[in-house]
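One point on numbering: in the UniProt record's numbering, the residue at position 309 of the sequence shown is 309, and numbering is uninterrupted.
The C-beta atom is built at its ideal place from N, Cα and C for all residues, glycine as well.
Note that this is a predicted model, so its numbers are computed, not measured.
Accompanying notes for the structure given below.
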Amino acid sequence: MPAPAPFSTPNAAAGPLSHHHQQQFLHQQQQQQLQQMVAAQQQQQPLPYPALYLYPLNDSFVPKHIALSHGQHVKIGRQTNAKTAPGERNGYFDSKVLSRQHAEVWEENGKIFIKDVKSSNGTFINGERLSSEAVESDPYELKSDDIVEFGIDIVGEDNKTIIHHKVAARVICVFTEQDAQVAARAEQHQAQQQYHQHQQAAAAAAGGPGGLSGQPVNGVGAGAPPSGFNFNGTQQRRPQIQQPSSLGGLGGMSGGIRQPGKTGLSFDVILSRLQGELQKSRETGAELNTLTGAMGEIHDTLGGGLVSLNFPLNFIRFIDLFDDTA
């Protein structure tokens, strides 16, 4: 007796079922990635110190652990070839707003310094630019919880959409093995927290415990990809500028906001933009006044009045054409 044919799912139910399986598959991939990150951090060899840790504020790169031993100067810059591919322990970034040689960092006498090396879009510490365009800056001491930004956001023609993001990071200065251990525990805690958040998000997407289907759980959207190492915390060195994340647990390693020795160009940029918007408003107002006058002339002409000597030529031609066909 031949075996019965396998049961086939009706086409009406195939779509939702397939979508559900896809969501499960994507979530499993995310879980595996997070588990691999946690395992890699647990097995990772201690990083030589002193070192500079950079944690992303806008998901533009993976966390960086840059060793600064033996007085070496580490270059910060844009990736240009395979040899300068971004990595955890180098200073290269895949970003179009950075110069090839953008900045340098080094350790000296128990302090970590940074300087801009004639970059085009600038290096900013706590919102202040270190030097003007194409001008090398003086060395500036970095401290834990400083906010460093390489380059600026490049917006599109609508002046709203960001086409190329700046590299924004929170600084952690590592001088001892204890500093490195504290940072490693914070990273591991963050990875585990993200892992649990995505578990809850998957349960919510499936309509199970933890929330309704399709709704975000704890700020994580259902089916959303891992957001990287965005460390959430309450203490920031620059409280007036809201950053999407910070490194929790290390706020005690730093003090208040510090200002670089040189005044940046941020105010000039804002002023120029305001002047540009003001000029646009004036031009728009002038165009509206011209249009209002032209419409008034049309109304007077159609009512039997005379054409003004200041009447636009294109409207005079239009009126002549109207009179010929009347």
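Item	Value
Buried/exposed call for residue 329, threshold 16 Cβ in 10 Å	Outside the shown range of the chain (1 to 326) lies residue 329, about which nothing can therefore be said.
Where Val-174 falls, given that 16 or more other Cβ within 10 Å makes a residue buried	buried
Pair within 7 Å by beta-carbon distance, Ile-172 and Tyr-92	no
Boundaries of the beta strand (DSSP E) in which Asp-94 is found, first to last residue	Premise fails: Asp-94 is in no beta strand (DSSP E) and is neither H nor E.
C-beta neighbour in chain B for Ser-119, strict 7 Å	Considering every chain present, this structure includes no chain B. It has just one protein chain.
Option in Val-182, His-189, Ile-147 and Gln-188 with minimal Cα separation from Leu-57	Ile-147
7 Å Cβ cutoff met for Val-74 and Gly-151	no
Nonlocal neighbours in the same chain, by C-beta distance under 7 Å from Phe-61, ignoring five residues either side	Pro-86, Phe-93 and Val-167
Alpha-carbon spacing of residue 341 relative to Ala-186, whole angstroms	Given a span of 1 to 326 for the chain in the structure shown, any question on residue 341 remains unanswerable.
Simplified DSSP state of Lys-115, which is helix, strand or coil	strand
Three-way DSSP call (helix, strand, coil) for Arg-78 in this model	strand
Distance, Trp-106 Cα to Gln-28 Cα	41 Å
Exposure of Leu-130, with buried meaning 16 or more beta-carbon neighbours within 10 Å	buried
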